[in-house]
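Here the structure comes first, spelled out in structure tokens, and everything after it is commentary.
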Amino acid sequence: MYPNTYKRAVNQYANVHNESGLADASPHHLIQMLMDGFLARVNAAKGAMVRSDMELKSVYISRAIAIVGGLNEAVDFEKGGEIAVNLGQLYAYMSTRLLQASRENNEEILDEVASLMKEIKGAWDAIKN
Numbered sequence: 000m001y002p003n004t005y006k007r008a009v010n011q012y013a014n015v016h017n018e019s020g021l022a023d024a025s026p027h028h029l030i031q032m033l034m035d036g037f038l039a040r041v042n043a044a045k046g047a048m049v050r051s052d053m054e055l056k057s058v059y060i061s062r063a064i065a066i067v068g069g070l071n072e073a074v075d076f077e078k079g080g081e082i083a084v085n086l087g088q089l090y091a092y093m094s095t096r097l098l099q100a101s102r103e104n105n106e107e108i109l110d111e112v113a114s115l116m117k118e119i120k121g122a123w124d125a126i127k128n
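The numbers in numbering that gives the first Met the number 0 rise by one with no breaks, and the one at position 6 of the sequence shown is 5.
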């Protein structure tokens, strides 16, 4: 019973922290927060895989896929040109690979998509807003 109470408390703290961060965030910072959230979900999915908690693994991978979808929706394909198209294709690839990682219980694929997101985030973080 204690672990469930602990998980609820942690989730409530995370929700309050995220909601307070969202209220004051610039669009640039919101994208950074989504990328951080993606990395956290992929890491949590990997941990669930290691523990053979397939239900929780699926939850975290689904959330990571949803975040990639949100990031893709934020891409301005009209103004972004070739870079936007490439980013959209990369996000689609990452979603496909996440599904494959879930299906195959493959930690290496999770490492791959995390590495891709870290590269994107590094470039995004370098942009002055």
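A virtual CB, placed ideally from N, CA and C, is assigned to each residue, including glycine.
Of the residues the options, which one's Cα is nearest the Cα of residue i?
| i | options | result |
| --- | --- | --- |
| G69 | S57, E107 and I30 | I30 |
| G121 | D35, L98, A24 and S25 | D35 |
| G87 | N71, G79 and V112 | N71 |
| I119 | P26, G80, L38 and S25 | L38 |
| D110 | H28, E81, D124 and R40 | R40 |
| R102 | M32, V58, S25 and L33 | V58 |
Can you tell me the Cβ-Cβ gap for residue i and residue j, rounded? I've got them flagged as a contact below 8 Å.
| i | j | result |
| --- | --- | --- |
| N104 | M48 | 6 Å |
| A113 | I60 | That pair is no contact at about 12 Å. |
| L55 | L89 | With 8 Å as the limit, L55 and L89 do not qualify as a contact, their Cβ atoms being about 27 Å apart. |
| I126 | H27 | 7 Å |
| A24 | M32 | 6 Å |
Original post:
Can you give, in chain order, each stretch of the alpha helix (DSSP H) that sits fully within the stretch 12 to 97 and has at least 4 residues?
Top reply: Runs of the alpha helix (DSSP H) inside the stretch 12 to 97: 26 to 49 and 53 to 73.
Subject >> Stretch pair the stretch 59 to 75 + the stretch 90 to 108: three plus CB contacts closer than 8 Å >> reply: Three or more pairs of CB atoms, one per stretch, sit closer than 8 Å, so the stretch 59 to 75 contacts the stretch 90 to 108.
**OP:** Answer yes if the stretch 72 to 79 comes into contact with the stretch 98 to 112, meaning at least three C-beta pairs across the two stretches below 8 Å, and no otherwise.
**Re:** Counting C-beta pairs with one atom in each stretch, the stretch 98 to 112 and the stretch 72 to 79 have fewer than three that are closer than 8 Å, which means they do not touch.
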